[in-house]
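Since the structure comes first, as structure tokens, the remarks are kept for the end.
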Amino acid sequence: MQTDVLIVGGGLSGLSLARQLQGAGVDYHLVEARSRFGGRIQTQFVESQGQTGYFDTGPAWFWPGQPRLEKLVQELGLKVFLQYAEGELNFEDERGQVFPGQGYASMAGSYRLDGGLSKLVDGVRQQLDSAALSLGETVTKLEQTAAGIGATSVDGEGQVQTIHCQRVVLALPPRVAAERIVFEPELEEGAIAAMTNIPTWMAGQAKIITIYNSPFWREAGFSGDAMSRRGPLAEIHDASPAEGGPYALFGFVAMPAQVRQQQSDALKQAAVEQLGRLFAKDALQPIEVILKDWAFEPETATPLDAQPMYSHPAYGLPHALSNLWQGQLMLGSTEVAANFGGYLEGALESAEMVFRKLM
Ligand SMILES: Cc1cc2nc3c(=O)[nH]c(=O)nc-3n(C[C@H](O)[C@H](O)[C@H](O)COP(=O)(O)OP(=O)(O)OC[C@H]3O[C@@H](n4cnc5c(N)ncnc54)[C@H](O)[C@@H]3O)c2cc1C
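The numbers in the sequence shown follow the working numbering, run straight up by one, and end at 345.
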């Protein structure tokens, strides 16, 4: 296969770049390793009592002051709603003692997307030419030659394909690219180290979503927000759909990835018990519990991401990565965005930056 620009990765940054290239009439091909588009964006659907709820297992929020996202949502005709925030926040200390009414919902004012964030992915994907997209193909090697770049990809059955192109955009976490892709000739000095040093935002996190037929916490005057020093969930919020049920609470698991491994059932059980302590006995009877551990997805995380992150890293494109293979190889995931690095808005910002360089 031949193309001008090869995009490696079909998350929001890769898809958004594809949309811009298609609009400008540039020949491109996008290769995605997973069997779905969206990368860190994933929405799961749960049916109960004749209603279907949508639950974001990756990102759930975006915020005012993120212009690219706002524009994309408008262009795709999608509906935004505000994070549920009416009522009080509960606090649990290290002994499991609960103190209700410790302030107000911490994510008040955050936006969510009606139908889940995968609507954003589907909306962009539907505008792209299907022939320019490959799913379930992992790029394993990039080889620069006099004629351009040859990209080797492997599908789930081990079948190998080569794509010949002029330029490559790595729209995947730089750390994952450094670990999983072989570059021939070797990249410029310091490049692999620079890629490895960029932590992948939220890659080491796990989310537990507990789903219920009734929003019993709302009925009791709670927002669904809670902070806990005991765990296993550290920060809890309402994760219900914009209207109707099933309803949900979700929390980030406050435990290093290594400790979480092989503990799924125990973790889910402990989370449900914690919600019982924090809100009401009704919390002990979920209709479903979803545990999504991103730290063990090789397309998102490397073993280095198992280290907990205590603050938002300063992202942007390091100098060592700004002119790889004489400009033929570019980085393009959210981690290289200068202003909104790590966020969904950053994925769009990176796509915009790379598009400008390619034109
Ligand atoms: C739990 C969690 C919560 C989050 N919460 C928020 C939030 O509330 N708000 C917010 O703004 N952001 C949040 N984020 C961050 C947000 O998800 C990211 O900013 C955004 O999704 C990054 O998009 P991307 O396209 O740059 O990267 P990714 O989504 O990581 O996409 C990269 C793609 O490359 C593919 N890929 C990897 N290796 C290869 C290969 N070798 N060959 C081919 N394809 C490959 C992957 O499968 C993936 O589809 C959260 C993330 C997580 C995990």
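Note that CB positions come from ideal geometry on N, CA and C, so glycine has one too.
In three-state terms, what does DSSP make of His305?
-> Residue mapping note: residue 305 aligns to position 319 of the sequence shown, counting from 1. Helix, per DSSP.
Can you tell me which of Lys343, Glu338 and Met345 puts its alpha carbon nearest to the alpha carbon of Pro53?
-> For the purposes of this step, residue 53 is taken as residue 67 along the sequence shown, with counting starting at 1. With distances taken between Cα atoms, Pro53 lies closest to Glu338.
Give, in chain order, every unbroken run of the alpha helix (DSSP H) that is at least 4 residues long and sits entirely within the region 121 to 159.
-> none
Pick from Ala281, Ala206 and Ser2: whose alpha carbon is nearest that of Ala189?
-> Walking along the sequence shown from the start, residue 189 turns up at place 203. That would be Ala281, whose Cα lies nearest to the Cα of Ala189.
Would the beta-carbon of Glu72 be found less than 6 Å away from any heavy atom of ligand 1?
-> Indexing the sequence shown from 1 puts residue 72 at position 86. No.
How long is the line joining the alpha carbons of Asp(-10) and Gln249, rounded to whole angstroms?
-> Walking along the sequence shown from the start, residue -10 turns up at place 4. Walking along the sequence shown from the start, residue 249 turns up at place 263. Taking the straight line from one Cα to the other gives about 46 Å.
Heavy atom of ligand 1 less than 6 Å from the Cβ of Gln145, yes or no?
-> Looking up residue 145 in the sequence shown gives position 159. No, the Cβ of Gln145 stays beyond 6 Å of every heavy atom of ligand 1.
Taking only the alpha-carbon atoms, compute the straight-line gap between Asp268 and Thr43 and give it to the nearest angstrom.
-> As a first step, residue 268 must be located in the sequence shown, where it is residue number 282. As a first step, residue 43 must be located in the sequence shown, where it is residue number 57. Answer to the nearest angstrom: the Cα atoms are 23 Å apart.
Starting from Gly87 and walking both ways along the alpha helix (DSSP H), at which residues does that stretch end?
-> Position 101 of the sequence shown, counted from the start, is the residue given in the question as residue 87. Note, Gly87: premise wrong, no alpha helix (DSSP H); not H, not E.
Tell me, please, whether the region 13 to 22 touches the region 58 to 73 by the rule of three or more beta-carbon pairs shorter than 8 Å.
-> no
Which same chain residues, not among the five before or five after Tyr137, have their C-beta less than 6 Å away from its C-beta?
-> Numbered from 1 along the sequence shown, position 151 holds the residue referred to as residue 137. Checking the sequence, you will find Ala at residue 137 rather than Tyr. The answer, listed in chain order, is Leu(-8), Val125, Leu128 and Ile149.
Classification of Met(-13) by the beta-carbon crowding that lies within 10 angstroms, buried from 16 upward | To locate residue -13, count along the sequence shown from 1; it is residue 1. Burial call: exposed.
So what does Ser214 bridge to, in DSSP terms?
-> In the sequence shown, the residue the question calls residue 214 occupies position 228. Its beta-bridge partners are Glu78.
Can the beta-carbon of Leu235 be found closer than 7 Å to that of Gly210?
-> By 1-based counting over the sequence shown, the position of residue 235 is 249. By 1-based counting over the sequence shown, the position of residue 210 is 224. For Leu235 and Gly210, yes; Cβs fall inside 7 Å.
May I ask you to report which of helix, strand or coil DSSP gives Gly332?
-> The residue given as residue 332 occupies position 346 in the sequence shown. Here Gly332 sits in helix by DSSP.
Skipping 5 residues on each side, what residues in its chain have a beta carbon closer than 8 Å to that of Val59?
-> Within the sequence shown, the letter at position 73 stands for residue 59. Only Val66, Leu99 and Leu106 meet the Cβ criterion.
Does ligand 1 have even one heavy atom less than 6 Å from the beta-carbon of Pro227?
-> Here residue 227 corresponds to residue number 241 of the sequence shown, with the count starting at 1. No, the beta carbon of Pro227 sits no closer than 6 Å to any heavy atom of ligand 1.
Which one or two residues does DSSP pair with Thr(-11) in a beta bridge?
-> Translated into positions along the sequence shown, residue -11 becomes position 3. Thr(-11) is not bridged to any residue.
Within the region 188 to 244, note down every full alpha helix (DSSP H) run reaching 4 residues or more, in order along the chain.
-> 202 to 205
Beta-carbon proximity check, Leu158 vs Gly(-5), cutoff 7 Å = Within the sequence shown, residue 158 is the residue found at index 172, counting from 1. Within the sequence shown, residue -5 is the residue found at index 9, counting from 1. Yes, Cβ-Cβ distance for Leu158 and Gly(-5) is below 7 Å.
Within the chosen definition, does the region 250 to 261 reach the region 216 to 236 through at least 3 CB pairs nearer than 8 Å?
-> yes
Measuring CA to CA, which of Glu221, Pro201 and Leu315 is closest to Thr131?
-> To locate residue 131, count along the sequence shown from 1; it is residue 145. The residue with the shortest Cα to Cα distance from Thr131 is Leu315.
Please confirm if the region 27 to 45 is in contact with the region 175 to 186, defined as three or more CB-CB distances below 8 Å between the two stretches.
-> no
Between Arg5 and ligand 1, is the CB less than 6 Å from at least one heavy atom?
-> Numbered from 1 along the sequence shown, position 19 holds the residue referred to as residue 5. Not so, every heavy atom of ligand 1 lies at least 6 Å from the Cβ.
Cβ-heavy atom distance, Gln28 to ligand 1, below 6 Å = Stepping through the sequence shown from its first residue, residue 28 is reached at position 42. It does not: the Cβ of Gln28 is nowhere closer than 6 Å to a heavy atom of ligand 1.
Quick one: does the C-beta of Lys105 sit closer than 6 Å to a heavy atom of ligand 1?
-> For this step, residue 105 is matched to residue 119 along the sequence shown. Flag unset: Cβ of Lys105 not near ligand 1.
DSSP three-state call for Ser297: helix, strand or coil?
-> Start at 1 with the first residue of the sequence shown, and residue 297 comes out as number 311. Ser297: coil per DSSP, three-state reduction.
Simplified DSSP state of Gln69, which is helix, strand or coil = Here residue 69 refers to the residue found at position 83 of the sequence shown. Coil.
Helix, strand or coil: which one does DSSP assign to Ile184?
-> Mapped onto the sequence shown, residue 184 falls at position 198. Note: Ile184 maps to coil in three-state DSSP.
Looking at Arg111 and ligand 1, is the gap between the Cβ and the nearest heavy atom below 6 Å?
-> Reading the sequence shown from its first residue, position 125 is the one you call residue 111. No, the Cβ of Arg111 stays beyond 6 Å of every heavy atom of ligand 1.
Would you mind giving the Cβ-Cβ distance between Gln35 and Gly231, rounded to the nearest angstrom? I have them listed as a contact below 8 Å.
-> The residue labelled residue 35 in the question sits at position 49 within the sequence shown. The residue labelled residue 231 in the question sits at position 245 within the sequence shown. The Cβ separation is near 7 Å, so the contact holds.
Beta-carbon proximity list for Phe208, same chain, < 7 Å, skipping 5 on both sides | Against the sequence shown, residue 208 aligns to sequence position 222. So the list reads Gly73, Glu74, Asn76 and Phe265, once near-sequence residues are dropped.
Within 7 Å, strictly: CB atoms of Cys151 and Ile167 = The sequence position of residue 151 within the sequence shown is 165, counting from 1. The sequence position of residue 167 within the sequence shown is 181, counting from 1. Not closer than 7 Å, so no.
Does Gly302 come within less than 7 Å of chain D when only Cβ atoms are used?
-> The displayed structure is made up of one protein chain only, and chain D is not part of it.
For the region 312 to 326 and the region -1 to 8, state whether three or more C-beta atom pairs, one from each stretch, are separated by less than 8 Å.
-> yes
If we ignore side chains and look at the alpha-carbon of each, how far apart do Leu16 and Ala118 end up?
-> Residue 16 sits at position 30 when you count from the first residue of the sequence shown. Residue 118 sits at position 132 when you count from the first residue of the sequence shown. So the alpha carbons of these two residues sit roughly 6 Å apart.
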